[in-house]
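Start counting the sequence shown at 1; every next residue gets the next number (this note's numbering).
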Amino acid sequence: MTNLEYDSNKKNYKFKDADNFKEYCTGGCDNDLDKINAGCLYFFNAFFKNSDLFSKYANNYMNIVEYIMIWLSYMLTLKENNNSSVSHLQHFYTTYINGSDQYKNSIISVEDNSSYKDLLNKKNYFLDIKDISKFYEAFKLLCETYTEFDEKKKDCTKCLGKAIKFAEKYEELNKDPNITNDSSHNKILYTLSTDYNKLKDKCSNSASLPEISINIYAQMSGVTSSSSITNKLFIVLSIFGAIAFFFGISYKVNNKELKKKIIIYMQTLTNNRTLLNILY
């Protein structure tokens, strides 16, 4: 695992260890967008290339694509692009996703999703959301909440602080008329709130976690989820939180140390060594 970091002083991106990204740097990753693209492809391979983990239920994980898009948009907004009237995300989609064969990789054992591009196309409404990066902080807090949850004891005491911050950020977004009056924004809020409530339901002391408002999209759609999907999404959010936190955040450990910590964490979380294949 490695880091893609943004230097706010030099206003550019850098790899702390480029070895793991070489296969995604077809153009040498000489510019910032190439580096972000390498990070994006790294995520798709981490979550979709290895069919051992997702072959049976990958179609239930379209929210993974939403989370990758939130991260992608956030990373793109850090880079100024004042000379273009096209949004960062639209430009990236046109240049890299539509223009690269790497996003056409087949996804083994995933029905109706023959490539990464197909997965992204099912979330193409993201291209019209100019402020999608606003959701990044809420997403970051949600992942951190999952990571700090004591799965063995079903105890949310340790993750309570992060949960409170997530609830505050979520309510801030949910009360913003510029967000709640838009159906695309509401879909993202619904995904975040659903995954938060799934964690809350797993806590033996769930009453200690703050309640959050019902999202209007959930009220209109009446969407529910099965317990099996709940358990699978818990694993996904935990993986997201465990991975060196989405490159955009400095994680001050070296490659070997981080991999060891993630393996120990996932062994405790799942007691299933087959899931560890995704981390290699």
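The beta-carbon is built from N, C-alpha and C at its ideal position, and this holds for glycine as well.
Asked, Found
"Buried or exposed by the 16-neighbour rule on C-beta atoms within 10 Å, applied to Phe139", "buried"
"Residue burial classification, Thr145 (beta-carbon count within 10 angstroms, cutoff 16)", "buried"
"Cβ contact (3+ pairs, closer than 8 angstroms) linking the segment 150-165 and the segment 93-104", "no"
"Bridge partner(s) assigned by DSSP for Asp201", "Looking at the DSSP assignment, Asp201 forms no beta bridge with any residue, so it has no partner."
"Outcome for Glu257 when other beta-carbon atoms lying within 10 angstroms are tallied against a minimum of 16", "With a pLDDT of only 47 at Glu257, under 50, the local geometry of the prediction cannot be trusted, and no value is derived from it."
"Cα-Cα separation, Ser133 to Gln102", "24 angstroms"
"Rounded straight-line distance, which links the Cα of Ser208 to that of Asn83", "Its pLDDT being 46, under 50, Asn83 is placed unreliably in this model, and the value from its coordinates should be taken loosely. Taking the straight line from one Cα to the other gives about 48 angstroms."
"Other residues of its chain near Asn45: CB distance less than 6 angstroms, five sequence neighbours each side excluded", "none"
"Between the CA atoms of Ala163 and Leu141 - distance to the nearest angstrom", "7 angstroms"
"Cross-strand partners of Asp34 (DSSP beta bridge)", "Bridge partners of Asp34: none, in fact."
"Close Cβ partners of Lys154 (< 7 angstroms) along its chain, the five nearest in sequence each way excluded", "Lys202, Cys203, Ser204"
"For Asp176, the three-state DSSP class (helix, strand or coil)", "coil"
"Beta-carbon contacts of Ile36 that lie in its chain and below 6 angstroms, excluding the five residues immediately before and after", "Met75"
"C-beta contact flag for Lys123 and Glu66 at 8 angstroms", "yes"
"Alpha-carbon spacing of Lys259 relative to Ala38, whole angstroms", "Confidence at Lys259 is low in this model, with a pLDDT of 44, below 50, so its placement is unreliable and no value can be given for it."
"Opening and closing residue of the alpha helix (DSSP H) in which Tyr146 lies", "136-148"
"Nearest residue (CA-CA) to Thr194, options Ser183, Lys175, Tyr170, Leu89", "Tyr170"
"Cross-strand partners of Asp118 (DSSP beta bridge)", "In DSSP, Asp118 forms no bridge with anything."
"For Pro210, the nearest candidate out of Cys29, Glu137, Cys156, Asp34 (CA to CA)", "Cys156"
"Spatial neighbours of Ser106 in its chain, beta-carbon cut-off 8 angstroms, leaving aside the 5 residues before and after", "Ser114, Ser115"
"For Asp155: DSSP bridge partner residues", "Asp150"
"Opening and closing residue of the alpha helix (DSSP H) in which Ser73 lies", "62-77"
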